[in-house]
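First the structure, in the form of structure tokens, and then the observations on it.
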Amino acid sequence: MEASQAGSPSHAAADTIREWVARFVPTTPLSQRAFDLAQHSLPQPILNHSLRVFIFAKWLAEKENSSLASDEHQLDLLFVSCICHDLGATDRHNGPERFECCGADAAVSFLESQSVSKADAHQVWTAVALHTSPGIAERIDPFTRLVRLGVLLDFRPRSRVEHGADEYFNEIVAEIPRVDIEKYLGDAVVAQAVANPDKAPAASWPGVLLRSHLEDPTWSGVNRAF
Numbered sequence: 001m002e003a004s005q006a007g008s009p010s011h012a013a014a015d016t017i018r019e020w021v022a023r024f025v026p027t028t029p030l031s032q033r034a035f036d037l038a039q040h041s042l043p044q045p046i047l048n049h050s051l052r053v054f055i056f057a058k059w060l061a062e063k064e065n066s067s068l069a070s071d072e073h074q075l076d077l078l079f080v081s082c083i084c085h086d087l088g089a090t091d092r093h094n095g096p097e098r099f100e101c102c103g104a105d106a107a108v109s110f111l112e113s114q115s116v117s118k119a120d121a122h123q124v125w126t127a128v129a130l131h132t133s134p135g136i137a138e139r140i141d142p143f144t145r146l147v148r149l150g151v152l153l154d155f156r157p158r159s160r161v162e163h164g165a166d167e168y169f170n171e172i173v174a175e176i177p178r179v180d181i182e183k184y185l186g187d188a189v190v191a192q193a194v195a196n197p198d199k200a201p202a203a204s205w206p207g208v209l210l211r212s213h214l215e216d217p218t219w220s221g222v223n224r225a226f
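Have a look at this one:
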């Protein structure tokens, strides 16, 4: 995939987008504006994935009777974290650091424009920056854990079995298609890393994806390290 593809905005039919907003996006101004940012920044596969991550994180919070599920402001912050967590994989938000940090910085810039407190913005930054950090994201705080598990529920069958999410997963994917997200996201992260290896430290998820790509640059399937 050419790197520029990662900057293409989503292109789902307008009526489909409106239905998703009505059914899944919190009705608060902050969440509505965050979705608008994502819709105009993310290619369709990543937009769909990011929305599913929120849906799964919220579902898990409700299942676990977490206070995050019933607090409107915390749900707002959770939505912003999930819908923005892969912004750094796009050309628009591609900076010199790891894509996770670039996405976190973009989320904070948005929150600052909405007069959200520094403490809340830092919580979102942490959740986005650590969403590919296994063993850390799950333990640093309950909020970051939910974002991390939302990602895992969308990508890892074992996580869905562990949390009893298979049936719900199938329902959501039937409405919000996957659109080859594994290949699209993996290729986008690798394209950035090929252009700037400093974005892919060896032990990081981008670094692992880059190493796999360099071992067989002719491979055209989903990155084997995804």
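Note that the UniProt record's numbering has the sequence shown beginning at 1, numbered continuously upward. Note that CB positions come from ideal geometry on N, CA and C, so glycine has one too. Quick caveat: nothing in here was measured; it's all calculated off a predicted structure.
Answer yes if the stretch 61 to 78 comes into contact with the stretch 19 to 35, meaning at least three C-beta pairs across the two stretches below 8 Å, and no otherwise. Contact holds: three or more Cβ-Cβ distances are below 8 Å.
If I measure Cβ to Cβ from Val80 and keep anything under 8 Å in the same chain, skipping five residues before and after, which residues do I get? Result list for Val80: Leu30, Ser31, Ala34, Ala107, Phe110, Leu111, Val124, in chain order.
If you count every other CB in all the chains shown that lies within 10 Å of the CB of Leu51, and 16 or more means buried, which is it? So Leu51 counts as buried.
When we look at the beta-carbon of Trp20 and count the other beta-carbons within 10 Å, is it buried (16 or more) or exposed? In this structure Trp20 is buried. Its beta-carbon is surrounded by 16 or more other beta-carbon atoms within 10 angstroms.
Counting only C-beta atoms, is Phe169 closer than 9 Å to chain C at any point? In the displayed structure, chain C is absent; only one protein chain is listed.
Following the continuous alpha helix (DSSP H) through Val80, name the residue where it begins and the one where it ends. Where Val80 is concerned, the enclosing alpha helix (DSSP H) stretches over 72 to 84.
Neighbourhood of Glu2 by C-beta, 6 Å cutoff - its chain only, sequence neighbours within 5 removed: Bear in mind that the predicted position of Glu2 carries a pLDDT of just 40, short of 50, making it too unreliable to give a figure here.
Report the start-end ranges of each alpha helix (DSSP H) in the UniProt domain "HD/PDEase" (42 to 134) that is 4 residues or longer and not cut off at the edges. Qualifying alpha helix (DSSP H) stretches, in chain order: 44 to 63, 72 to 84, 99 to 113, 118 to 129.
Any idea what DSSP makes of His163, helix, strand or coil? In this structure, His163 counts as coil in the three-state DSSP scheme.
Leu60 and His163: beta carbons closer than 9 Å? In this structure, His163 lies closer than 9 Å to Leu60 by Cβ.
Whether Arg156 touches Asn48 by CB criterion (9 Å): Between Arg156 and Asn48, the C-beta spacing is not below 9 Å.
Supposed contact pair Gly186 and Phe56 - C-beta distance, whole angstroms, cut 8 Å: Between Gly186 and Phe56 the Cβ distance is about 20 Å, and since that is not below 8 Å, they are no contact.
Cα-Cα, which of Leu153, Gln114, Trp205 is closest to Val173? Nearest C-alpha to Val173: Leu153.
Meets three-Cβ-pair contact criterion under 8 Å: the stretch 37 to 47 and the stretch 113 to 120: With a cut-off of 8 Å, the stretch 113 to 120 and the stretch 37 to 47 do not count as touching, because too few Cβ pairs lie within range.
N- and C-terminal bounds of the alpha helix (DSSP H) containing Pro206: Looking at the DSSP string, the run of the alpha helix (DSSP H) that includes Pro206 is 205 to 215.
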